[in-house]
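Enquirer:
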Amino acid sequence: VQLVESGGGLVQAGGSLRLSCAASGTIASPNVMGWYRQAPGKQRDMVALITSDGSTNYANSVKGRFSISRDNAENTVYLQMNNLKPEDTAVYYCNAHTYSSQYWGQGSQVTVSS
72 VQLVESGGGL
82 VQAGGSLRLS
92 CAASGTIASP
102 NVMGWYRQAP
112 GKQRDMVALI
122 TSDGSTNYAN
132 SVKGRFSISR
142 DNAENTVYLQ
152 MNNLKPEDTA
162 VYYCNAHTYS
172 SQYWGQGSQV
182 TVSS
């Protein structure tokens, strides 16, 4: 299984971006898909998660601004990011995990200018 991300880029503060992550192959169910981010010199942190039945969890720093969704038929997960702030600047990684396996995307750079 490979996770392929798209949608990163450069945006001004207050703007929006949408990240997509498509999984090639079948990920066993139940599973959790989500997004993590890593800023320079910092650890990789959870941003948002969604289970295969649609339950979601967000980091406090993005609640009310980011929204995660998924299309199970297409094995795709999305992250809608609104009202972006400079502190959201990071490499964003897609993740999928089951009871026995974990997969990571290659990372997508998001840069928010002030």
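Residue numbers for the sequence shown follow our numbering, beginning at 72 and rising by one. Glycine is no exception: its CB is placed at the ideal position from the N, C-alpha and C atoms.
#1: In terms of residue numbering, what span does the beta strand (DSSP E) encompassing Val75 cover?
#2: State the start and end residues of the unbroken beta strand (DSSP E) segment that holds Asp116.
#3: With Asp159 as the anchor, note down where its beta strand (DSSP E) starts and where it stops.
#4: Over what stretch of residues does the beta strand (DSSP E) that includes Gly80 continue unbroken?
#5: Going by the beta-carbon positions, is the gap between Ala167 and Met104 smaller than 8 Å?
#6: To the nearest angstrom, how far is the alpha carbon of Arg108 from that of Met117?
#7: Closer than 6 Å by C-beta to Cys92: which residues in its own chain qualify, once you throw out the five before and the five after it? Chain order, please.
#8: Per DSSP, which residues does Arg141 bridge with? Please list them.
#9: Look up Gly176 in the DSSP assignment and give the residues it is bridged to.
#10: Looking only at its chain, what residues have a beta carbon closer than 6 Å to the beta carbon of Tyr96, apart from the 5 residues adjacent to it on each side?
#11: Return the bridge partner residues of Asn128 from the DSSP annotation.
Expert: The answer reads as follows:
#1: Gln73 to Ser77
#2: Asp116 to Thr122
#3: Unbroken run through Asp159: none, as it is neither H nor E.
#4: Gly80 to Gln83
#5: yes
#6: 7 Å
#7: Leu74, Glu76, Val148, Cys165 and Gly176
#8: Val148
#9: Paired residues: Leu74.
#10: First, the amino acid is wrong: residue 96 is Gly here, not Tyr. The residues are Val72.
#11: Leu120
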